[in-house]
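The listed protein sequences correspond, in order, to chains A and B.
The UniProt record's numbering numbers the first residue of the first sequence as 1 and each following residue consecutively.
The UniProt record's numbering numbers the first residue of the second sequence as 1 and each following residue consecutively.
Glycine included, every Cβ here is placed at the ideal spot set by N, Cα and C.
Number of protein chains: 2
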Amino acid sequence: MDITAHMQQLGRQARAASRAMARASTATRNKALLLIADAIERDAAALKAANQQDLDAARAAGLAPALLDRLALSDKAIATMVDGLRQIVALPDPIGEISNMKVRPSGIQVGQMRVPLGVIGIIYEARPNVTVDAAGLCIKSGNATILRGGSEAIHCNRALAQLVAEGLAGAGLPAHGVQVVDTTDRAAVGALITMPEYVDVIVPRGGKGLIERLMKEATVPMIKHLDGICHVYIDSKADIDKALRIALNAKTHRYGTCNTMETLLVARDIAPAVLPRLAELYAAKEVELRADPESYEILRGYPNLVEAVEEDWRTEYLAPILSVKVVAGIDEAMEHINTYSSKHTEAIVTEDYSDAMRFLREVDSASVMVNASTRFADGFEYGLGAEIGISNDKLHARGPVGLEGLTSLKYVVFGHGEIRE
Amino acid sequence: MDITAHMQQLGRQARAASRAMARASTATRNKALLLIADAIERDAAALKAANQQDLDAARAAGLAPALLDRLALSDKAIATMVDGLRQIVALPDPIGEISNMKVRPSGIQVGQMRVPLGVIGIIYEARPNVTVDAAGLCIKSGNATILRGGSEAIHCNRALAQLVAEGLAGAGLPAHGVQVVDTTDRAAVGALITMPEYVDVIVPRGGKGLIERLMKEATVPMIKHLDGICHVYIDSKADIDKALRIALNAKTHRYGTCNTMETLLVARDIAPAVLPRLAELYAAKEVELRADPESYEILRGYPNLVEAVEEDWRTEYLAPILSVKVVAGIDEAMEHINTYSSKHTEAIVTEDYSDAMRFLREVDSASVMVNASTRFADGFEYGLGAEIGISNDKLHARGPVGLEGLTSLKYVVFGHGEIRE
């Protein structure tokens, strides 16, 4: 098979289908989602059998346990997928909404209408639940989509593709509204990210390695984040209880997520009061501390204490490891953040109003928080209802990306025969 | 001079200055704008002398009359620049505004704060007024900017750069907040569009040739449009007077602008009634008509009538030339538009409510209009107050781009010690 030609074919089909997807009423799109949910429930046993094929092959190939874990489709995972689709149905339809309507001196009325982007390409690892989540969000937002999941999940993804197709057909939507790439050839990814004539945006979901590879080659714009080097800054005016609670939660609630704190900055004034208590809390969770010289002095004698090196400030550990640095105050903290942050999420802990306001205004990251754990940087926690991904870029969507990030605003003009004089 | 190293230096300086620009109060940014306006008024004679140097050199080099025209800085052009700056002062400050504030079940309050993009690179032709307009919009929106104007305007741009620097200094803003590239070496452009670490977005202002060149090389995202192949569709239910007025205005108000109509589509039912009358109006303006077979038959005998070829539907004439096609109705019209349009601006003329609504919803262009001339697709006409450029892309800004297009929304979270459970 000529993979490039095959992907171009999928692209042409997606582009053609995107018009019908965009035109479809809210009711039609919701109907498709409900039919897919029902079909998944009905065929749960068959899905698990397909998944078992994938798991057997993956085990035989020696896939890492963490990856096997993500590949596995338990009853609970199936129920979560089905629930997710029904929750998407309940979300307000972003499409067609007109905002900012104004009457202009010329007599024309101008507003902005929210419309689908067109064709979304999703590239993800061997996680079958993403197939359903992503298809659901794209259908709801009136987009056509091309899904390319990790090859280890091919049998399960094929089975899911069937059920998605059934739902689309049942609602009268085009079969090519959602296409699952049915080849494990990696050249399919290269083709998908270099056909801007057919694909409007790529949403990659996966590790830093995947994203870096895509960034080098993609000519289609991406909604992506490379990594999450998130900071918490404990200001000299911090409430110590809040500081301990937030710094502990931001690091230890989950280690492998992009909104987990990787570097803790502490104001010099408050460091002797806060760092030893925090070190005890971290010690209980076996978190290794990589400390700059000043915090190292304060913490000397605590377990799991290591001297930080320059590379630590640039590292997303995704592990029970935290880099710690004492700073003079908010200016040095913001300087450090603006130098080393991946612009994902940063938080200040402070009771000082002006410091809080300065931090919110001056820190150039997708999410900036006062007195809250960085772990809140999440589409569900922000009330987006669902999350297709996270963007650390500044253009288009920034931060957690929900349905709105899969849409665009076009200008609509209501005239009465006006011409320009 | 090592141009790449020099541009990297400008980039580093811009990035550093961008923080102070973003932090500056509304009053500070407005003060800079007013000081620049005053300085331009004061030094009008010197600016005209610098411009005369450019004009003499350009004439000696045999620059085309149209380009000389754009290069020339008349008293009126100077007054317009000064007025433009003062109008920018009067615009509301987009920066710092928080929207969509919600209290979430967790207790956190989440909103979105409008912030500058950071560093904007502007690449434009030899038009000194763009130097001032672009600097003004970037200062107002709290961005640092690197301006690279056409080399024929170098003396005038240098003089303007001095006055901009004077205004920035007078307001206490960093000297590198606005940098004018002071070399005519074209390698400067290549460097500017390939340093995403220092430049957040490029706004190219110029012809299709420039944009195509940049698109091939740029690794920095661009806010751009390649061309404007705009359509007017006269529906079978059109009010004929409105149709004649709009079709005439959309083509003949100005020939060289990107929102000028290039293709007229007419419903079969109404073509015999509308096309001959329209042809007379166009004849009076010496507009050449390139007609498909069906409209050719209707118009046979009219002056300046030519048979259209496939290439015509893909051509932005920027001239008194119009391609004309008879279509069965709105479906064929939208099919033609979605095939050939550059996604800039399309209009329908109709009294039929459902056709109007379908056209607005289903045509996938940056501006879609009912009963109005395509010439209205413009930042001032839409009430943006000013226009830095136009985007035919769907991500980030779409259509005429004003101050808001030079900004981004970041999430801000107001907490009270919340952690994720």
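- For the 7 Å CB-CB criterion, V189(B) and I123(B) form a contact.
- For the 7 Å CB-CB criterion, G177(B) and M21(B) form a contact.
- Boundaries for G62(B): no beta strand (DSSP E) harbours it, and the DSSP string shows neither H nor E there.
- Under the DSSP assignment, S408(A) falls in the beta strand (DSSP E) whose first and last residues are T407 to E418.
- At a cut-off of 7 Å between C-beta atoms, Y233(B) does not count as an interface residue with respect to chain A.
- E387(A) sits buried, since 16 or more C-beta atoms from the chains shown fall within 10 Å of its C-beta.
- In the DSSP assignment, R290(B) falls outside any alpha helix (DSSP H) and lies within the beta strand (DSSP E) extending over E288 to A291.
- DSSP places C230(B) in no alpha helix (DSSP H) but in the uninterrupted beta strand (DSSP E) bounded by C230 to I234.
- Among the residues facing chain A, L403(B) is not included, as its CB has no counterpart in that chain under 7 Å away.
- When 8 Å is used as the limit between beta carbons, G207(B) is near no residue of chain A, the shortest such separation being about 21 Å.
- For the pair L318(A) and L264(A), the CB atoms are not nearer than the 7 Å cut-off.
- In terms of beta-carbon proximity, M21(A) stays away from the interface with chain B, with every pair separated by 7 Å or more.
- Across the set Y411(B), K410(B), A37(B) and L406(B), the C-alpha of L406(B) shows the shortest separation from the C-alpha of V203(B).
- Look at G84(A) here: in three-state DSSP terms it is helix.
- In this structure, V349(B) places its C-beta atom within 7 Å of the C-beta atom of N371(B).
- Note on geometry: alpha-carbon atoms of T28(B) and L47(B) lie some 25 Å from one another.
- Secondary structure of K102(B) (DSSP, three-state): strand.
- For L322(B), the enclosing beta strand (DSSP E) stretches over residues I321 to V327.
- Residues of the segment 105-127 of chain A with a C-beta atom less than 8 Å from some C-beta of chain B are S106, I108, V110, M113, V115, L117 and G118, listed in chain order.
- Each of V103(B), F359(B) and S373(B) was checked against the Cα of G96(A), and the nearest Cα belongs to F359(B).
- Think of a sphere of 7 Å around the beta carbon of A366(B): the chain A residues whose beta carbon falls inside it are K410 and Y411, in chain order.
- Annotation note: the segment 162-228 of chain B contains the following uninterrupted alpha helix (DSSP H) runs of length 4 or greater, listed N- to C-terminal: 187-192 and 208-217.
- Taking 7 Å as the cut-off between beta carbons, the residues of the segment 179-205 of chain A near chain B are D200 and V201, in sequence order.
- For a Cβ distance threshold of 9 Å, residue set K102, R104, I108, V110, Y411 and V413 of chain A lies close to Y382(B), ordered along the chain.
- Using a CB distance cut-off of 7 Å, E362(B) counts as an interface residue toward chain A.
- Under the Cβ criterion of 7 Å, N249(B) is counted among the residues facing chain A.
- When secondary structure is reduced to three states using DSSP, M1(B) falls in the coil class, being assigned neither helix nor strand.
- Secondary structure of S367(A) (DSSP, three-state): strand.
- Looking from the CA of E286(A), the closest CA among K251(A), E316(A) and A271(A) belongs to K251(A).
- Boundaries around G121(B) are those of the beta strand (DSSP E), V119 to Y124, since no alpha helix (DSSP H) includes it.
- At least one beta carbon of chain B lies nearer than 7 Å to the beta carbon of S373(A).
- By the neighbour-count definition (other C-beta atoms within 10 Å, threshold 16), A79(B) is an exposed residue.
- Within the segment 206-227 of chain A, the residues whose Cβ lies closer than 9 Å to some Cβ of chain B are P221 and I223, listed in chain order.
- With fewer than 16 other Cβ atoms from the protein chains shown falling within 10 Å of its own Cβ, N100(B) counts as exposed.
- With its beta carbon at least 7 Å from every one in chain B, F359(A) lies outside the interface.
- Within the DSSP bridge table, the entry for A32(A) names no partner.
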